[in-house]
Structures are given as C-alpha cells and as structure tokens.
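In my numbering, the protein residues as written are 103 to 640.
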C-alpha cells in the first residue's frame, strides 16, 4: 500500500511513500505524516492512497503520523484542490494556507490549576493562617477557582492548596486555558429590534434559501446605516436553529473584535474570532475547538473562509468590494470572495455578498442572473445622512495666509465643539507614519527604497524610514542628498503620526489615540483601543 504525499514547496510533483504494516489503516487522506524528503526529515500531507506505486526505484516508508485523524475533511479537501487548480498553486502550499502554523507539531495548550472545597470538616491548627484563609474563601464559592487568583490570600497559594488537598479538604484539577477570542465586550441584547419591511424581506429570502439546503448567492446592496449587521445576526440565528454553522468575513482585522462582540452578545460562547493577529496558540486552540464543534459562528478576516466548520449553512462577506479580501502574497493569491462562493457551492450553503457600493464583478453577476439581488434603500431607524462639508484647502490657505496646514478652520471648530459637549471624534487619514516623503530641498531628489523604488516613509516614533510596499527598513537616516550632497533635506506630506501630534498640540486636554497598522501590531492593542473608545474613555 502506498500514499501520495504533498509538501508545502514550490513543486507540483507529489511523492510516493510506502505505508508500513504498523500504519496500515491509520494513514488516511488528510493526515499529516513524518517522512524523509531528499536528505531532510519533514512533514507532508497525504493526498491519495493507492495499491501500486508505478515507481521503479527505491520507495521510502512513512516514518510516523503527525495526526491520529485527518486535519481536513472532504469538503475542505475539495476546496483545496479547487484552490490549487484555480490559482495555479501546488496542493501542498494550498493545504498549508488552510492550517494554523502551530498544527505543524502536536499542540499542547497552556493549562491552569483549579481548586474547590470539599464537604469534609476541617480541623486546621490556628497557626495555619494561609490554609484557613483560602479554605474559608473557597467555601463561599460554588465552583472551581483558579489557584493563581488566590495570590492575595497567600504568598504561595499552590503549595497551600496542595496541603489542603492532602487533607481531603479541597479538590484540585488542571484544565486548559481557553484564550479570550473576542476581547470586545457588549451587553447582551434583550430588546427586540423592530426591522423595516426591507430588512424583513431580506431575512426571509436568505432564510428560505437555507431551508432549501441549496447553494444560492445573494448580493445584498444596502446603503450605509441600513442595518445590514442586524440582518447578518438574524440570518445566523436561523442557521444555528437549523443546526448549521456560519462564517462571517470582514475586510479589516480591526473590525473583527467589535463585530464578534456584537455576535457574542446574542450567541454567547458559540462565537469564535479568527485572523492573523491572533497568537499561534490561540489559532491552534480555536482550530481544534471548531473541529470539535464547539463553535457555531466564526468571524474574521479573509483566512476565516477556511475555518473547519461542519454542516456549513451560511457565509457572509461584508463590504465585499474591498480589495483586502485579495491575498497578494504569498501564494495562493486567492480572493476570499471567490473562495466563499466556491465553498458555498461545495456545502450547498447560502452566500451573502454585502456592500453599500458593490464591486463591478458582483454587480455584473447580478445583472446576468448569477446572483439574487436584495436592496436596502433606506437607513435603519429613520436615521438621516450626515451633513458633509467639502473644504478647498488651497482657498483655505489663501484666506488664512497659512500654507501646509493639516486642518481647516471649520474642522477645528467642529472638533472643539464636540469636545466641549463631551462627545467623540473620529478622523480618517490614508497614510501611515509621520511624513510619506523625505526629499532634497535643492534638487528635489526623493529618498527611495533600494528594492522597489517606492518613496520611503519617515516614522517619527523609532526614527526610521520604511517602505510600505516591501517593508524594507532604513534605521540610519540620511544626512545629505545622495544626488547633489546637499544637507537641506525636508519632510513632505502628512501621515497619521503627524495628524496625532498636531491634534495633541491643538487639543492638549483631549485623550487622543492613533489606530493604524503601527499601533495595532498585536490583536490585543486593537481590542484595547476599540474597547476604550466604545466605553467613552477616548
């Protein structure tokens, strides 16, 4: 018996390995195996089984199994094969894309020790103050308590609890630590939301499609503020009531904790969060719990489309027109919207592509009858559109005789007015760093990336230049122009760091936070900033 094994390498070739007698019946499609490839010991994934090899030379044996059961079910395997074929990518690389990195080895989650008091009567000596203190506290608790939370009662609560356990006064157990997968808190929603006729019609159409267990793609075209999120939640509720699962895709990682918090307020612990900013341990733990069926809803950025949910009934792609759904590097360079449609087809699931400004591709598919169209022309709750002021900054400069100002007079007035009213302000700017250009004042030469000739952006915090295309970093700032050797170098343009600095100068009493790629390199920072803003602290 032989197995075809694929590796996450830039080769379309699969390799045959002999299955030893000890592993017969255990090697299955989708199981990862330890083998020797060339001179290196590595891991591959089994993509096929066969009775005869057809290879005349020496065939190496599979050395051991990484998994007891396949890590990818037949639906995901079908998706991976399509992914490899459609995006012209080796199967091994396509399979690697769907799996968390930590699953390359046997993952052992962090654990914690929990303790609970028993019904045994205690006869502790008066000088055992720490034991008495902890035992009295535990008797007031109905459930197990983490031992590390008892630090205020004893200098070494672990030793104290072990002594109590020896006397049968407490029970100690060890459990895995479940990572906080949302981190964004919302109060449970008890109030029944009254939908508009358009929203009710949308929910009915999506629910009917799920009832028929058929693949049907919808283009949900709703104006900004039309209540699309409420439709997602209601459709997800219908899917879960049917015993089905849901994938919710978002274009930005920063949106994930907030939307996950909204869903968690309705569905509780059935909601998981998935994106690249999660730690590897959290990703591995989440993957295993999804496989075990602990989660019914997975919310995340584009990679969440590969979540190993069983009985998938609904996929929602929010803001489907966003180009962040397209993976540019590394391979496979897939588009999560297209992968969602294929996965929906494989599972006979309903797919909802939602946007206030649909992509040309999706609108074309609606026009030609491939997608069913749902329109939400009204804002939810009778909300009105905001007043918009378009300010000509050239005229502003002429009127004030101040050139290069970041903010117009009307914007500063409106910000000041909101701060006085204890309200909040959001400013959007599309450039990171402090200044996007460092140039020579004499000859105009711009400092560029040595790899891709893109202008280097100056970052004030850390004092470095960085290419925002290939991430090349230049820590040594130039002191003269490389073209004419002039020392007259000047920064040009405006980045988010400069906006933050100017705001701090204008409004020193206000609490200001910057939310961009540089301040949110960890998912925890994103959650903290968004939570503080939600709580009114910013």
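Heads up, the beta-carbon is just placed ideally off N, CA and C, and yes, glycines get one too.
Residue state for residue 138 is assigned as strand, using DSSP reduced to three classes.
Counted as a single uninterrupted DSSP element, the beta strand (DSSP E) harbouring residue 324 occupies residues 318 to 324. Each of 402, 449, 444, 468 was checked against the Cα of residue 189, and the nearest Cα belongs to 444. Runs of the alpha helix (DSSP H) lying entirely within the stretch 111 to 191, each at least 4 residues long, are 176 to 188 in chain order.
Here the stretch 441 to 456 makes no contact with the stretch 371 to 386; the two share fewer than three CB pairs at distances below 8 Å.
Beyond the five residues adjoining it in sequence on each side, residue 554 comes within less than 7 Å, by CB distance, of 569, 571, 572 in the same chain, given in chain order.
In terms of Cβ geometry, residue 545 and residue 518 do not form a close pair [threshold 8 Å].
CA-to-CA, the gap between residue 130 and residue 171 works out to about 8 Å. DSSP places residue 522 in the helix class (H, G or I) of the three-state scheme. Taking a C-beta distance under 8 Å as the contact criterion, residue 167 and residue 128 qualify as a contact pair. By the Cβ neighbour-count rule, residue 311 is buried, with 16 or more other Cβ atoms within 10 Å of its own.
Rounded to the nearest whole angstrom, the C-alpha separation of residue 169 and residue 241 is 43 Å. Counting along the chain, the unbroken beta strand (DSSP E) around residue 475 starts and ends at 474 to 478. Using a C-beta cut-off of 8 Å, the stretch 144 to 155 makes contact with the stretch 191 to 199, since at least three inter-stretch Cβ pairs fall below that distance. In summary, residue 420 is buried, with 16 or more beta-carbon neighbours lying within 10 Å of its beta-carbon over all protein chains present.
Taking 8 Å as the upper bound for CB-CB distance, residue 122 and residue 164 are in contact here, some 7 Å apart. Contact between the stretch 380 to 399 and the stretch 431 to 438 is absent: fewer than three C-beta pairs spanning the two stretches fall below 8 Å.
The beta carbons of residue 542 and residue 583 sit about 4 Å from each other, so the pair counts as a contact at 8 Å.
Annotation: the continuous beta strand (DSSP E) that includes residue 349 extends over 347 to 351. A direct Cα-Cα distance of roughly 60 Å separates residue 257 from residue 317. Per DSSP, residue 196 is one residue of the alpha helix (DSSP H) stretching across 193 to 200. According to DSSP, residue 276 shares a beta bridge with 215. Assignment of residue 314 by DSSP, reduced to helix, strand and coil, places it in the coil class. Taking C-beta atoms as the reference points, residue 357 and residue 454 fail to come closer than 8 Å. The secondary-structure analysis by DSSP pairs residue 456 across a beta bridge with 322.
In the DSSP assignment, residue 446 falls within the alpha helix (DSSP H) that extends over 438 to 449. Distance between residue 407 and residue 301, taken at the CA atoms: about 25 Å.
Between residue 605 and residue 614, the alpha-carbon positions lie close to 8 Å from each other. Taking residue 177 as the centre and dropping the five residues before and after it, the same chain places the C-beta of 448, 449 closer than 7 Å to its C-beta, in chain order. Within the same chain, and ignoring the five residues on either side of residue 559 in sequence, the residues whose Cβ sits closer than 6 Å to its Cβ are 535, 538, 568, 570.
When 590, 621, 481 are compared, the shortest CA-CA separation from residue 598 is found for 621. In this chain, the alpha helix (DSSP H) harbouring residue 263 covers 259 to 268.
Taking every protein chain shown into account, the CB of residue 470 has fewer than 16 other CB atoms within 10 angstroms, so this residue is exposed. A straight line joining the alpha-carbon of residue 610 with that of residue 639 spans about 15 Å. Contact between residue 274 and residue 348 is ruled out by a C-beta separation of about 38 Å, above the 8 Å threshold. If you draw a straight line from the Cα of residue 523 to the Cα of residue 352, it is about 33 Å long.
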